[in-house]
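Visitor: Could you have a look at this structure, given as structure tokens, before my questions?
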Amino acid sequence: MKNSLLLVLITCVVVVFYSFKGDPTGDGKSADVLFVGGRVLDPETGLDVVANVAVSDGRIVYVGSDTRAASRTIDASGLIVAPGFIDIHSHAINELGQRLQVADGVTTALELEAGAYPVGQLETLFPAGALINYGASAGHIWIRQSILEGAEQLSVTAQRKVVDGEKATRRGATFSAHASAAELEAMTALLSAQLDEGAFGIGLLLDYITQAMSADELEVIFTVAAKYAAPLFIHIQRGLPGDISGLRDIIALAQKHGATVHVCHINANAMGEVDAFLAMIEQARAQGVQVTTEAYPYNAGSTQIGAAVFGRNWQEIFDISYEDVEWAATGERFNEAMWQEYRAKYPEGQIIHHYGKEPWTRQAILAPGVIIASDAMPVFNLEERVHPRGVGTFARFLARYGFAQGESEDTLALLAKITLLPAQLLEKSAPQFGRKGRIQEGMDADITVIDLKTLRDRATYREPFLTSVGLPYVLVNGVLVIDQRELVDSAKPGVKLNQVVRH
Ligand SMILES: [Zn+2]
């Protein structure tokens with residue numbers, strides 16, 4: 088009797104020891120990080136359960152109720168363990184931009200709308216390594232600039248190129264001249280070479296080159312994109328409020344070429360016609376056209392004062408006037424004289440134009456299938472203000488649009504807009520995204536932990552660099568970059584992501 092009791096006791100101790108010691112990787116190692124007792128959300132499988140999540144060597148190795156040994160165990164009770172947020176529209180691809188975005192829960196930020204050229208030099212923006220994952224499309228406008236104006240330096244909007252002085256007027260042939268047949272041939276070669284180098288599709292700023300763009304050039308771009316099965320990320324051409332022709336033209340081209348198109352910031356383009364724009368996209372999708380879209384959760388837009396749209400009848404297009412526009416760096420409101428002066432002197436200076444309305448924004452960002460992306464503006468220092476969307480988009484979206492309040496199904500659908508949907512958009516051409524945007528065993532350990540009790544964005548137009556709160560832990564490739572609300576400065580686990588070329 089005494090002996091058998093002892094045997095039971097020893098067995099118990101052994102079982103308990105092994106379950107604590109754990110073996111989540113199957114190779115005898117303990118996990119790197121273990122989150123215990125968090126509410127684990129996975130939009131793909133519909134998982135919404137209190138569980139433990141173990142991470143080893145950059146991957147999620149265990150999701151379940153067992154306890155595991157780990158180098159670092161984090162009590163996640165009362166917190167949400169979610170996939171890291173994926174931002175497919177960020178112009179803030181530099182060290183400061185990443186610091187601001189990671190505090191907003193972003194683990195991957197890509198420059199897809201304006202793109203970069205040459206993408207092979209993107210690493211040079213991160214001489215000390217990157218905090219979060221990054222990548223870029225082949226920027227058509229930079230390739231155009233290199234062909235028409237001979238610009239040879241790395242071009243990406245995150246790079247400060249023009250501040251003042253003689254370099255300030257970079258509005259040459261790139262923005263005004265049609266490309267010749269020979270130049271279009273060169274464009275085919277450069278776009279193809281960039282896709283061969285791993286660019287994530289092609290970024291196309293159509294509204295910035297309305298005078299310069301010809302039907303032939305569009306044919307060239309769509310032909311290359313279709314050949315490479317590379318998505319096009321497009322800032323479509325604007326018209327007067329209600330004019331949907333910019334969207335219609337792009338959908339027609341996508342259909343003709345069998346190309347995949349992603350329409351950037353639908354809220355910014357559709358304004359009061361969000362319904363009609365989304366209906367047209369829905370109809371195109373029903374006909375088999377591969378078209379997706381995105382929105383950001385702010386009512387004001389932001390761009391450069393030299394943008395082509397401001398050479399057109401912009402007051403009518405946006406239904407605003409000078410006093411509705413501010414010089415982003417200082418917050419000064421414009422009058423006509425100041426406008427003429429600044430547009431001539433500082434064409435690349437950023438403005439914030441207040442033309443949107445909350446019901447339009449809400450409708451766009453809550454519509455099923457619409458991805459949330461920040462359109463983070465380039466940042467260079469903490470003195471010159473920028474639009475707050477590069478700092479607060481993700482916390483703002485989660486805190487203000489029903490994520491915390493809804494049924495589990497709604498919560499997962501909203502979370503999908505910043506995790507699973509962007510991953511699915513990219514995974515067709517970049518299979519590594521099949522491992523992102525999910526909390527499942529075998530997936531990349533890009534994880535953002537959410538504290539609903541404190542979650543909110545703090546960045547405003549006046550104080551745009553106040554980082555988001557309520558995201559106490561962020562892991563990138565299995566490494567903690569936000570730990571107990573603090574940025575881990577020494578951590579540089581971010582990697583450059585590339586599209587895998589198939590053509
Ligand atoms: Zn844009």
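End of the sequence shown sits at 590 in this note's numbering; the numbers just go up one at a time, nothing left out.
A virtual CB, placed ideally from N, CA and C, is assigned to each residue, including glycine.
In this text the structure is predicted, and so the values were computed from the model without any measurement.
Measuring straight from C-alpha to C-alpha, what distance separates Q492 and L166?
Guide: Counting from one through the sequence shown, the residue named residue 492 turns up at place 405. Counting from one through the sequence shown, the residue named residue 166 turns up at place 79. Distance between the alpha carbons of Q492 and L166: 15 Å.
Visitor: Just to confirm, are G443 and G388 a CB contact at a threshold of 8 Å?
Guide: For this step, residue 443 is matched to residue 356 along the sequence shown. For this step, residue 388 is matched to residue 301 along the sequence shown. The answer is yes: Cβ separation under 8 Å.
Visitor: Nearer than 7 Å: is that true of the beta carbon of D462 relative to any heavy atom of ligand 1?
Guide: The residue labelled residue 462 in the question sits at position 375 within the sequence shown. Taking 7 Å as the cut-off, the C-beta of D462 counts as close to a heavy atom of ligand 1.
Visitor: According to DSSP, is S164 part of a helix, a strand, or is it coil?
Guide: The residue you call residue 164 lines up with position 77 of the sequence shown. It is coil, neither helix nor strand.
Visitor: What would DSSP say about N356, mapped onto helix, strand or coil?
Guide: Here residue 356 refers to the residue found at position 269 of the sequence shown. Looking at N356 - three-state DSSP - the assignment turns out to be helix.
Visitor: Counting Cβ pairs closer than 8 Å, one from the stretch 371–388 and one from the stretch 334–351, do we hit at least three?
Guide: yes
Visitor: Rounded to whole angstroms, what is the Cα-Cα separation between V561 and I537?
Guide: In the sequence shown, counting from the first residue as 1, residue 561 sits at position 474. In the sequence shown, counting from the first residue as 1, residue 537 sits at position 450. So the alpha carbons of these two residues sit roughly 9 Å apart.
Visitor: List the endpoints of the continuous beta strand (DSSP E) containing L134.
Guide: Here residue 134 corresponds to residue number 47 of the sequence shown, with the count starting at 1. Looking at the DSSP string, the run of the beta strand (DSSP E) that includes L134 is L134 to S143.
Visitor: Tell me which same chain residues have a C-beta within less than 7 Å of the C-beta of G133, skipping the five on either side of it?
Guide: The residue given as residue 133 occupies position 46 in the sequence shown. Cβ within range, chain order: L499.
Visitor: State whether the stretch 153–163 contacts the stretch 433–443, with contact taken as three or more CB pairs (one from each stretch) at a distance under 8 Å.
Guide: no
Visitor: Using the beta-carbon count (16 or more within 10 Å), is V100 buried or exposed?
Guide: Numbered from its first residue, the sequence shown carries residue 100 at position 13. For V100, the predicted structure reports a pLDDT of 41, less than 50, and the residue's modelled location is therefore unreliable. A value from the coordinates is still provided. Exposed: under 16 other Cβ atoms inside 10 Å.
Visitor: Using only the heavy atoms of ligand 1, determine whether one of them is closer than 7 Å to the beta carbon of E200.
Guide: The residue you call residue 200 lines up with position 113 of the sequence shown. Checking the Cβ of E200 against ligand 1 gives yes.
Visitor: So within the stretch 460–526, which uninterrupted alpha helix (DSSP H) runs reach at least 4 residues, ignoring any that extend past its ends?
Guide: 476–487, 495–503 and 507–514
Visitor: What span of residues does the beta strand (DSSP E) with V412 cover, start to end?
Guide: As a position in the sequence shown, residue 412 is number 325, starting the count at 1. The continuous beta strand (DSSP E) containing V412 extends over residues V412 to W414.
Visitor: Under three-state DSSP, which class holds A363?
Guide: For the purposes of this step, residue 363 is taken as residue 276 along the sequence shown, with counting starting at 1. Helix at A363.
Visitor: Please classify L507: is it buried, with 16 or more other beta-carbons within 10 angstroms of its beta-carbon, or exposed?
Guide: Here residue 507 is taken as the residue at index 420 of the sequence shown, counted from 1. Classification of L507: buried, given that the 10 Å Cβ count is 16 or more.
Visitor: Which residues mark the beginning and the end of the alpha helix (DSSP H) in which Y429 is found?
Guide: Here residue 429 refers to the residue found at position 342 of the sequence shown. According to the DSSP assignment, Y429 belongs to the alpha helix (DSSP H) that extends over E423 to K432.
Visitor: How many angstroms separate the CA atom of G184 from the CA atom of V466?
Guide: As a first step, residue 184 is located in the sequence shown; it is residue number 97 there, counting from the start. As a first step, residue 466 is located in the sequence shown; it is residue number 379 there, counting from the start. For G184 and V466, the distance between alpha carbons rounds to 6 Å.
Visitor: Check G207 in the structure and name its three-state DSSP category.
Guide: Within the sequence shown, residue 207 is the residue found at index 120, counting from 1. In the structure shown, G207 sits in a helix (DSSP, three-state: H, G or I).
Visitor: Suppose contacts are defined by Cβ-Cβ distances below 8 Å. Is N139 in contact with L121 by that definition?
Guide: In the sequence shown, residue 139 corresponds to position 52, counting from 1. In the sequence shown, residue 121 corresponds to position 34, counting from 1. In this structure, L121 lies closer than 8 Å to N139 by Cβ.
Visitor: Run through DSSP, which three-state label would Y560 get?
Guide: Counted from its first residue, the sequence shown places residue 560 at position 473. In this structure, Y560 counts as strand in the three-state DSSP scheme.
Visitor: Using the beta-carbon count (16 or more within 10 Å), is A578 buried or exposed?
Guide: Sequence index remark: in the sequence shown, residue 578 carries index 491 (1-based). So A578 ends up on the buried side.
Visitor: Counting C-beta neighbours from all protein chains within 10 Å, is the total for P214 16 or more, i.e. buried, or is it exposed?
Guide: Position 127 of the sequence shown, counting from 1, holds the residue named residue 214. Exposed is the call here.
Visitor: Taking the C-alpha atoms as reference points, what is the distance between D251 and K432?
Guide: If you number the sequence shown from 1, residue 251 lands on position 164. If you number the sequence shown from 1, residue 432 lands on position 345. Confidence in D251 is poor, its pLDDT being 36 and thus under 50, which makes the residue's placement unreliable; the coordinate value appears in the next sentence. The straight-line gap from Cα to Cα measures roughly 8 Å.
Visitor: Compute the distance between the beta-carbons of R146 and A532, then report whether it is under 8 Å.
Guide: As a first step, residue 146 must be located in the sequence shown, where it is residue number 59. As a first step, residue 532 must be located in the sequence shown, where it is residue number 445. Cβ atoms of R146 and A532: closer than 8 Å.
Visitor: Just mark A366 as buried or exposed, buried being the case when its beta carbon has 16 or more other beta carbons within 10 Å.
Guide: What you label residue 366 is simply residue 279 of the sequence shown in a count that begins at 1. With fewer than 16 other Cβ atoms within 10 Å, it is exposed.
Visitor: In whole angstroms, give me the CA-to-CA distance for P455 and T380.
Guide: Along the sequence shown, one-based indexing puts residue 455 at 368. Along the sequence shown, one-based indexing puts residue 380 at 293. In a straight line, the C-alpha of P455 is about 11 Å away from that of T380.
Visitor: Below 8 Å, can you find three or more Cβ-Cβ pairs linking the stretch 420–435 to the stretch 322–335?
Guide: no
Visitor: Can you pull the DSSP bridge partners for A546?
Guide: As a working mapping, residue 546 is identified with position 459 in the sequence shown. A546 is not bridged to any residue.
Visitor: If I measure Cβ to Cβ from R159 and keep anything under 6 Å in the same chain, skipping five residues before and after, which residues do I get?
Guide: In the sequence shown, the residue the question calls residue 159 occupies position 72. Hits under 6 Å: V120.
Visitor: Pick helix, strand or coil for T195, following the three-state DSSP scheme.
Guide: Locating residue 195 in the sequence shown gives position 108, counting from the first residue. DSSP places T195 in strand when its eight states are reduced to three.
Visitor: Does at least one heavy atom of ligand 1 sit under 7 Å from the Cβ of H68?
Guide: This structure cannot speak to residue 68, because the chain is shown only from 88 to 590.
Visitor: Using a 10 Å radius around the Cβ and a threshold of 16 neighbouring Cβ atoms, would you call Y409 buried or exposed?
Guide: Translated into positions along the sequence shown, residue 409 becomes position 322. Burial call: exposed.
Visitor: Let me know the secondary structure DSSP gives K343 once reduced to three states.
Guide: Here residue 343 refers to the residue found at position 256 when the sequence shown is read from its first residue. The three-state reading of DSSP puts K343 in helix, counting H, G and I together.
Visitor: Within 10 Å of its beta-carbon, does L278 have 16 or more other beta-carbons around it, so buried, or fewer, so exposed?
Guide: Looking up residue 278 in the sequence shown gives position 191. Per the 10 Å Cβ criterion, buried.
Visitor: For G479 versus D191, is the C-beta distance shorter than 8 Å?
Guide: Position 392 of the sequence shown holds residue 479. Position 104 of the sequence shown holds residue 191. Result yes, Cβ atoms of G479 and D191 sit closer than 8 Å.
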